[in-house]
Structure formats: structure tokens, C-alpha cells
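Let me begin by presenting the structure, written as C-alpha cells, before commenting on it.
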Amino acid sequence: MRKAIFIIALVASIFSLALIALVRPQISPRFLELRGVVISERQVDKVTFIEFVPDNLTVVSFNGKIGKGRKRLYGRLKQYKGKVEFVVEGQFRQARR
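Residues 954 to 1050 (the working numbering) make up the sequence shown, in order.
Put into C-alpha cells, the structure is as follows:
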């Protein structure tokens, strides 16, 4: 009886680990909203790097410059070369105070 329970538990554990390895979730599949102030932008080829405060986070846009000032950015967190970046997707709006 103990041996049967051990085998069932072992098979369930191996199956669970294999499932986790296959389904491996991304950092954040959902859209997020960041609010803050764009203080500078730097264009390199088709990528715009945005200095955004108060968040100490790399913010990138593939949609061109968004302009300085108080903004509300929408996008996703993605991993790039071992670092987490916020990738702006869609529209960005002037944030209300």
C-alpha cells in the first residue's frame, strides 16, 4: 500500500514539473499602466528609450517618441537580456494630476 502511494506521488510530481516547464509563464502577460513624468527620450534606430520617473525601470517604445511631461503609459513587462523592461504598447495619454 505504501509503495503504491509513493509511486502515485512520484508520478504526479514528475508530471507537475514537466507541465510547469512547458507552460512557463511570462513575466506579465497582462497590460499594465504606469503613471509618472517623462523627463527625456532617446531614439536609437526604431527604438525610443524613455526616462520615466518615479519608476526606476527601463521603458522602451517601438512607436516613436511620446513627448515630455506627465504621462500614463500602457504596456507589458518583458524580459530582455536578463533585465525587465516596460514595453509601451498602444496609446499613451496625458495623465491627470
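Even for Gly, the Cβ is constructed at its ideal location relative to N, Cα and C.
Which class does Leu972 belong to by DSSP, given the choice of helix, strand or coil?
helix
Express the C-alpha separation of Ser969 and Glu1038 in angstroms, rounding to a whole number.
30 Å
Top-ranked residue by Cα proximity to Lys1031, from Thr1001, Arg995, Thr1011 and Arg988:
Thr1011
Is the beta carbon of Ser1014 less than 8 Å from the beta carbon of Val990?
no
Check the DSSP bridge columns for Leu1030 and list the partner residues they point to.
Phe1039
Mark Lys956 as exposed unless 16 or more other C-beta atoms lie within 10 angstroms of its C-beta, in which case mark it buried.
exposed
Does the region 1022-1036 come into contact with the region 990-1005, if we say contact requires no fewer than three beta-carbon pairs (one atom in each stretch) closer than 8 Å?
yes
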